[in-house]
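Mapping to my numbering: the sequence shown position 38 is 26, numbers consecutive.
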Amino acid sequence: MNKEKVLKYFTVLPIMIIGYLVFKQFLYYDEIDKNKLFTTGKVIKFTENIRDYGVYYEYIINKKKYSGVTSVRNLKKFKNNITCTNCVLKVIYSSKDPSKSSLRLGKYEKYKTKVEFVNLDD
-11 MNKEKVLKYF
-1 TVLPIMIIGY
9 LVFKQFLYYD
19 EIDKNKLFTT
29 GKVIKFTENI
39 RDYGVYYEYI
49 INKKKYSGVT
59 SVRNLKKFKN
69 NITCTNCVLK
79 VIYSSKDPSK
89 SSLRLGKYEK
99 YKTKVEFVNL
109 DD
């Protein structure tokens, strides 16, 4: 293979992978938006990652327990306002697939780092 073809593959392939991941994320939140139901969930733990923090939560639908995670930045400000584990927050989930969900942080939604592509709070 010549250098031009190699360069073309190394340019196009990352763009295709990023496009696929963005599209997959869009479909996830679009399904929640089109089939949304509401419940409450509780925060079960916080974890620290390299660039943000994970907020893990659980919720129950039809006696079955589901879990999810969302990412937030500036955990100190968030934890000072949402006093940590066992606090109860709103969860939006898909009626078609209850494992697809989004934890709603209310006025602290601005701390979220996950891109949802749709406005679930309307």
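All C-beta atoms in this analysis are idealised placements derived from N, C-alpha and C, irrespective of residue type, glycine included.
Two segments are said to touch when three or more pairs of C-beta atoms, one from each, lie closer than 8 Å; by this definition the stretch 73 to 90 touches the stretch 49 to 63. When DSSP reads this structure, Phe14 sits in no beta bridge, so it has no partner. Secondary structure note for Glu36: its beta strand (DSSP E) is the uninterrupted segment Lys24 to Glu36.
One thing to note: Leu1 has its Cβ no nearer than 8 Å to the Cβ of Ser83. Under DSSP, Tyr45 takes part in a beta bridge, and its partners are Val31 and Gly56.
Burial check for Ser87: the Cβ neighbour count within 10 Å stays below 16, so the residue is exposed.
Within 10 angstroms of the beta-carbon of Glu104 lie 16 or more other beta-carbons, which makes it buried. The stretch 8 to 28 and the stretch 92 to 108 touch, with no fewer than 3 CB-CB distances between them shorter than 8 Å.
Residue pairing by DSSP puts Leu91 in a beta bridge opposite Val79. By the beta-carbon neighbour count (other beta carbons within 10 angstroms, threshold 16), Leu15 is exposed. Its Cα nearest to that of Arg92, the residue Tyr47 stands out among Lys(-9), Tyr47, Lys52 and Leu(-5). In chain order, Arg92 and Glu97 place their CB closer than 8 Å to the CB of Asp109, counting only its own chain and leaving out the 5 sequence neighbours on each side.
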